[in-house]
Amino acid sequence: MAETFFITTAIDYTNGAPHIGHAYEKVLADVLARYHRLTGEEVFFLTGVDQHGQKVQQSAEKQAVAPQTFVDGVTEKFVALWEKLGVQYDRWAATTNPLHKECVRNILQRLMDEGHLYKATRAGHYSVRQEQFLTDKERGEDGQFGPEWGEVVFLEEENYLFRLAEHRDWLLNLLDQRPHLIQPDFRRAELRNAVEKLSGDLTISRPKSRLTWGIEFPFDADFVTYVWFDALVNYISFAPGYNPAPQAQLSEFERWWPALHVIGKDILIPAHGVYWLIMLKALGFPDAAMPTLLVHGWWNIAGAKMSKSLGNSVDPSILADQYGSEALRYYLMSDIATGRDADFNEERLIQRFNADLANSLGNLLNRSLNMAHKYRHGALRATTSTELLTLTRDALSIDRVAPEYRAHFDQHAVHAALERVFALVTACNQFIDTQKPWTVAKHPELADRLDAILYLLAEALRISAILLSPVLPSAARGIFDQLGLQGPLRIEDAHWGVLPDGHTLSRPVPLFPRIEPQEPTTKA
Ligand code: MSP
18 MAETFFITTA IDYTNGAPHI GHAYEKVLAD VLARYHRLTG EEVFFLTGVD
68 QHGQKVQQSA EKQAVAPQTF VDGVTEKFVA LWEKLGVQYD RWAATTNPLH
118 KECVRNILQR LMDEGHLYKA TRAGHYSVRQ EQFLTDKERG EDGQFGPEWG
168 EVVFLEEENY LFRLAEHRDW LLNLLDQRPH LIQPDFRRAE LRNAVEKLSG
218 DLTISRPKSR LTWGIEFPFD ADFVTYVWFD ALVNYISFAP GYNPAPQAQL
268 SEFERWWPAL HVIGKDILIP AHGVYWLIML KALGFPDAAM PTLLVHGWWN
318 IAGAKMSKSL GNSVDPSILA DQYGSEALRY YLMSDIATGR DADFNEERLI
368 QRFNADLANS LGNLLNRSLN MAHKYRHGAL RATTSTELLT LTRDALSIDR
418 VAPEYRAHFD QHAVHAALER VFALVTACNQ FIDTQKPWTV AKHPELADRL
468 DAILYLLAEA LRISAILLSP VLPSAARGIF DQLGLQGPLR IEDAHWGVLP
518 DGHTLSRPVP LFPRIEPQEP TTKA
């Protein structure tokens, strides 16, 4: 049976419209999912929306609509965006889905039955924006709670708490024993420091008197579930075959789990790195079933955080309309190193498209096919001559490309994998310039050499198309069409010698028309 790969993203909060940061994360996960499909693995890609919580309740109140109506409207924007950007998920995790609510309630009941929850009165400062109680650790050097917490109020109320602190040593040990669970490594170090300071339990209920827009507690109708406790559960409530009953048969679930969770740097500590891992532990997940957290960086605007209040957020839907969804996917995947931050810049998007896709790749495709048609009516000849193989296959180390690309992908370094493919494309363009096929074509005694050159170019384009397909699925298909190829793109074919002797190429069609810079669509 094929190996399985279960990948998730953060579920996007439905308090506002999608921006470029959301798009980056979903495209990154989509690219990883497509890469794993390309390798023949069975893939389950889960993404969705986080629909509960106080901020949603407040936004809905402001607009005088029911919270469900409000989140349905925002959810539609996310769904439409993923469709536009070719984000191909297998299941949609919306936290108002009754199946999810049922799962959260069953989990709460089970944790209560097994002694992981208790009720207590807590008095303290509460951040309305972050929907959480604050401790002195959250105070700045001046002793005040910083602006990131928004409005802070003093509250005294009874709530349900989840026993978090008792798992501190277990978690520290897990991070030491299984360092690869948190990627990149510098994030594991940050998390470890935070866990060392862990004290106190987590308030996981909110009294209905101040928040109704949440999942009601199964054993106490006066409370709803804290939005993070609800949202994190999506990773299992929507997973294939999960059932929270203590003695449930989980063979289908275990075929997929553990997942790779793709998340942004802001939600590692404490949400995923502390709460989620401890929730799984409390639910009886063994250490070997702990998920991997791939923590990506942020896109900023001119070095500053994107934010509603600064009015600098970038609408990915407008960009996709303006430049095409593959241009946007390419930019988002090539201009950031996974794990690091980057600056979003619309001119850069245009530059990268023109340089890499229009000039390098588009040009290679166009000139290779044109020459094949001009000199050989599109028909290829495969050579067995050692001399010609040395001139072509070996000179460009073509069979090293896919393994090196895979090594980058296995580290989630999509930008580096792309660079590897473009190094081949550049090498091919240089090869044409130095070999001058138009001169070779004038010498009938060099006919074999011309055939070998044309075959090399077609093979390089075929291999490039396969390897670019996770990022550029429709362009890759377009290249295949022009090469006269049908059938699935598979990584196992990304090596020399697949095109048969006598294969006929189709006609070239420009795939990447240059973008002529004009007024940027977004202020950057
Ligand atoms: N709803 C929570 C996640 C719950 S997961 C169980 C949430 N939502 S969010 O809408 O605020 O963010 C969704 C994802 O987008 C997060 O992983 C976050 O890090 C990411 N990004 C938000 N802004 C971003 C950038 N500017 N750049 C890159 N990613 C960013 O957190």
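If you count the sequence shown from 1, you need to add 17 to reach the working numbering. We treat Cβ as the ideally placed atom computed from N, Cα and C, and that holds for glycine.
Distance CB(residue i)-CB(residue j) smaller than 8 angstroms
| i | j | result |
| --- | --- | --- |
| Q200 | L311 | yes |
| A306 | W273 | no |
| K94 | A34 | yes |
| H432 | M350 | yes |
| L189 | D218 | no |
| A469 | L408 | yes |
| A337 | K101 | yes |
| S377 | L474 | no |
| L192 | D304 | no |
| Q499 | P525 | yes |
| I286 | A211 | yes |
| C120 | V241 | no |
| R357 | L405 | no |
| P461 | V48 | no |
| T355 | H429 | yes |
| E174 | K136 | no |
| L382 | L528 | yes |
| N446 | N387 | no |
Cβ shell of residue i (< 6 angstroms), same chain only, five flanking positions each side left out
| i | result |
| --- | --- |
| T521 | G395, A396, G501 |
| G141 | F150 |
| A246 | One detail in the question is off: residue 246 reads as Phe in this sequence, not Ala. Around F246: I221. |
| F497 | A482 |
| P530 | none |
Any non-hydrogen atom of the ligand MSP closer than 7 angstroms to residue i Cβ
| i | result |
| --- | --- |
| I335 | no |
| G231 | no |
| E165 | no |
| L522 | no |
| G281 | yes |
| D360 | no |
| M388 | no |
| D338 | no |
| G38 | yes |
| M296 | no |
| D67 | yes |
| M323 | yes |
| I286 | no |
| D518 | no |
| I253 | no |
| W274 | no |
| L300 | no |
| W316 | yes |
| I199 | no |
Residue i: first and last residue of the uninterrupted alpha helix (DSSP H) it sits in
| i | result |
| --- | --- |
| Y422 | 415–427 |
| H39 | 37–55 |
| T443 | 431–452 |
| F95 | 84–101 |
Run of the beta strand (DSSP E) containing residue i, from where it starts to where it stops
| i | result |
| --- | --- |
| R108 | 108–111 |
| D468 | Unbroken run through D468 is the alpha helix (DSSP H), 464–485; no beta strand (DSSP E). |
| K136 | 134–144 |
| E364 | First-last for E364: 363–369, but that is the alpha helix (DSSP H), not the beta strand (DSSP E). |
| D67 | 59–67 |
| W316 | 316–318 |
| G495 | No beta strand (DSSP E) contains G495, which is instead part of the alpha helix (DSSP H) from 490–499. |
| P224 | 222–224 |
Distance cut-off 7 angstroms: residue i Cβ against heavy atoms of the ligand SAM
| i | result |
| --- | --- |
| M350 | As for the ligand SAM, it is missing from this structure, which binds only the ligand MSP. |
Neighbourhood of residue i by C-beta, 7 angstroms cutoff - its chain only, sequence neighbours within 5 removed
| i | result |
| --- | --- |
| Y30 | D67 |
| F270 | A256, P257, G258, Y259 |
| G157 | G163 |
| W187 | K298 |
Neighbourhood of residue i by C-beta distance below 8 angstroms, restricted to the same chain and skipping five residues each side
| i | result |
| --- | --- |
| L441 | L413, I415, V418, A477, I480, S481 |
| I367 | Y340, I532, P534 |
| E58 | A19, E20, T21, F22 |
| V91 | T31, N32, G33, A34, V66 |
Minimum Cβ-Cβ distance from residue i to chain C less than 8 angstroms
| i | result |
| --- | --- |
| R524 | Here there is only one protein chain, and chain C is not present. |
Are there three or more Cβ pairs, one per stretch, closer than 8 angstroms when the segment 252–260 is compared with the segment 181–200? no
With three or more C-beta pairs closer than 8 angstroms as the rule, is the segment 22–37 touching the segment 276–290? yes
Touching or not, the segment 35–55 and the segment 343–363, by the rule of three or more beta carbon pairs under 8 angstroms? yes
Check whether the segment 227–242 touches the segment 73–85, counting contact only when three or more Cβ pairs, one atom from each stretch, lie closer than 8 angstroms. yes
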